[in-house]
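Engineer: For reference, the structure I am asking about is given below.
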């Protein structure tokens, strides 16, 4: 059975308020859902953090006698200290941003523009030459305008510095850190050979 409704309908102001109410609450709900998944990921990461005393224990750092145990050691340490390595990476990001004042200003300007867009769109929508711009279009414009600012601030070199420094520090730690099981295996192998 098909129902066809035709005519010129006008919704009252009361109806638009109800629609706005539901749209607002669905928007909050979607933000809450994404925040809960982010919170779950953060809690899993925090639970996976090994004690920092164990992570930087100098007695566990040993130069490998040959190159053969290094790949196994790296894989095992990356699995074991994954959350710790994430915080090392975040520490290097923070160090790079704080030691580059122009990059810090560029990030603050970009975040400030996004905050202003968020506030302005709660009051009323922005329209240019009679065309209403969506929030995503406004954020895209901020990104487009901030690209030259980030380029001048040296964000590209900062990103590659962070990647390189993180790789170097994490691989250095992962290749020299030994677990007690690994040392016992090496001793057993040495006993069998002799």
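Numbering (the UniProt record's numbering), first residue to last: 1 to 194.
All C-beta atoms, glycine included, are put in the ideal place defined by N, C-alpha and C.
All values reported here derive from a predicted model rather than from experimental measurement.
Following the continuous alpha helix (DSSP H) through residue 116, name the residue where it begins and the one where it ends.
Structural biologist: As a working note, residue 116 is residue 116 in the chain shown. Taken as a continuous stretch (DSSP letters only), the alpha helix (DSSP H) holding residue 116 covers 101-123.
Engineer: Hey, would you say residue 104 sits closer than 8 angstroms to residue 97, going by beta carbons?
Structural biologist: Taking the chain shown and counting its residues from 1, one reaches residue 104 at position 104. Taking the chain shown and counting its residues from 1, one reaches residue 97 at position 97. Their beta carbons are under 8 angstroms apart, which means residue 104 touches residue 97 by this criterion.
Engineer: Is the beta carbon of residue 93 closer than 8 angstroms to that of residue 114?
Structural biologist: Counted from its first residue, the chain shown places residue 114 at position 114. Counted from its first residue, the chain shown places residue 93 at position 93. No, the pair does not count as a contact, with Cβ atoms beyond the cut-off.
Engineer: If you pair each beta-carbon of the stretch 167-176 with each one of the stretch 67-75, do three or more pairs fall below 8 angstroms?
Structural biologist: In short, these stretches touch, since the Cβ pair count reaches three.
Engineer: Where does residue 24 fall in DSSP's three states?
Structural biologist: As a position in the chain shown, residue 24 is number 24, starting the count at 1. The predicted position of residue 24 is uncertain, since its pLDDT is 48 and thus under 50; no value can be drawn from it.
Engineer: Determine the DSSP secondary structure at residue 134, reduced to helix, strand or coil.
Structural biologist: Taking the chain shown and counting its residues from 1, one reaches residue 134 at position 134. DSSP places residue 134 in coil when its eight states are reduced to three.
Engineer: Thinking just about the alpha-carbon of each residue, which of 134, 170, 111 is nearest to the one in residue 149?
Structural biologist: Mapped onto the chain shown, residue 149 falls at position 149. Closest by alpha carbon: 111.
Engineer: By a C-beta neighbour count over all protein chains shown, 10 Å radius and 16 as the cutoff for buried, is residue 138 buried or exposed?
Structural biologist: The count along the chain shown starts at 1 and reaches residue 138 at position 138. Classification for residue 138: buried.
Engineer: Going by beta carbon distance, what residues of the same chain come within less than 8 angstroms of residue 50, once the five residues before and after it are set aside?
Structural biologist: For the purposes of this step, residue 50 is taken as the residue at position 50 of the chain shown. Hits under 8 angstroms: 80, 81, 83, 84.
Engineer: Measuring CA to CA, which of 58, 95, 52 is closest to residue 163?
Structural biologist: Position 163 of the chain shown, counted from the start, is the residue given in the question as residue 163. Residue 95 is the option with its Cα nearest to residue 163.
Engineer: Could you give the distance in angstroms between the alpha-carbon of residue 201 and the alpha-carbon of residue 35?
Structural biologist: As shown, the chain starts at 1 and ends at 194. That puts residue 201 outside it, with no answer to give.
Engineer: If we require 4 or more residues per run, which alpha helix (DSSP H) segments fall completely within the stretch 49-83?
Structural biologist: List check, alpha helix (DSSP H) in window: 52-55, 70-80.
Engineer: Distance, Cα to Cα, residue 122 vs residue 70?
Structural biologist: Stepping through the chain shown from its first residue, residue 122 is reached at position 122. Stepping through the chain shown from its first residue, residue 70 is reached at position 70. Going by the C-alpha atoms only, they are around 56 angstroms apart.
Engineer: Which same chain residues, not among the five before or five after residue 170, have their C-beta less than 8 angstroms away from its C-beta?
Structural biologist: In the chain shown, counting from the first residue as 1, residue 170 sits at position 170. So the list reads 78, 85, 88, 89, once near-sequence residues are dropped.
Engineer: Taking residue 126 as part of the alpha helix (DSSP H), name the residues at either end of that continuous run.
Structural biologist: Locating residue 126 in the chain shown gives position 126, where the first residue counts as 1. Where residue 126 is concerned, there is no enclosing alpha helix (DSSP H), given that its DSSP letter is neither H nor E.
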